Amino acid sequence: MNKKLIEHIKKIDFDSDLYTHKEPEKNEDGSIIFDPLHYSSDISELIHLLIHSEYQYPFNWMEWDKGEIYFENPDKILNCSKEDLKKLTTVILRQERFSTGTIASAIDSGVLENICKRILEIEEN
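Numbering (this note's numbering), first residue to last: 312 to 436.
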């Protein structure tokens, strides 16, 4: 499974538009669907591959305080342990489910790109 993840990461252009903002949509019954972001196909596929990889796994992610150092200084991700990388990835994917935009913030801050760089380094060595 990690082979597909690695191949996909290598083709992502982090300098391109990886998400866009959307306007709310109205259903025929008048209800409104508010999903403010649309992730590119590259990011959507990355999310799918990460969810189905060892880089998302069950742990008490809401209690993991160590992750803050990686959000405050994304360059630290480039040297983090595989265990911390898995936890950081899990935190971002889980938070996105409860707070749309977490992945967009990770894109903007360089966190997601550094996660991908670190996955490549770990998996290719």
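Heads up, the beta-carbon is just placed ideally off N, CA and C, and yes, glycines get one too. None of the values given here were measured: they were computed from a predicted structure.
(1) Here's the rule: buried if 16 or more other CB atoms are within 10 angstroms of the residue's CB, otherwise exposed. What is residue 423?
(2) Can you name the residues that DSSP bridges to residue 337?
(3) Starting from residue 348 and walking both ways along the beta strand (DSSP E), at which residues does that stretch end?
(4) In three-state terms, what does DSSP make of residue 331?
(5) Alpha helix (DSSP H) containing residue 396: first to last residue?
(6) I need the straight-line Cα distance from residue 349 to residue 384, nearest angstrom please.
On the basis of the supplied data:
(1) Answer is buried; the Cβ neighbour count reaches 16.
(2) According to the DSSP secondary-structure assignment, residue 337 is paired through a beta bridge with 343.
(3) Per DSSP, the unbroken beta strand (DSSP E) holding residue 348 starts and ends at 348 to 350.
(4) It is a strand residue.
(5) Per DSSP, the unbroken alpha helix (DSSP H) holding residue 396 starts and ends at 393 to 409.
(6) Their backbone Cα atoms lie some 26 Å apart in a straight line.
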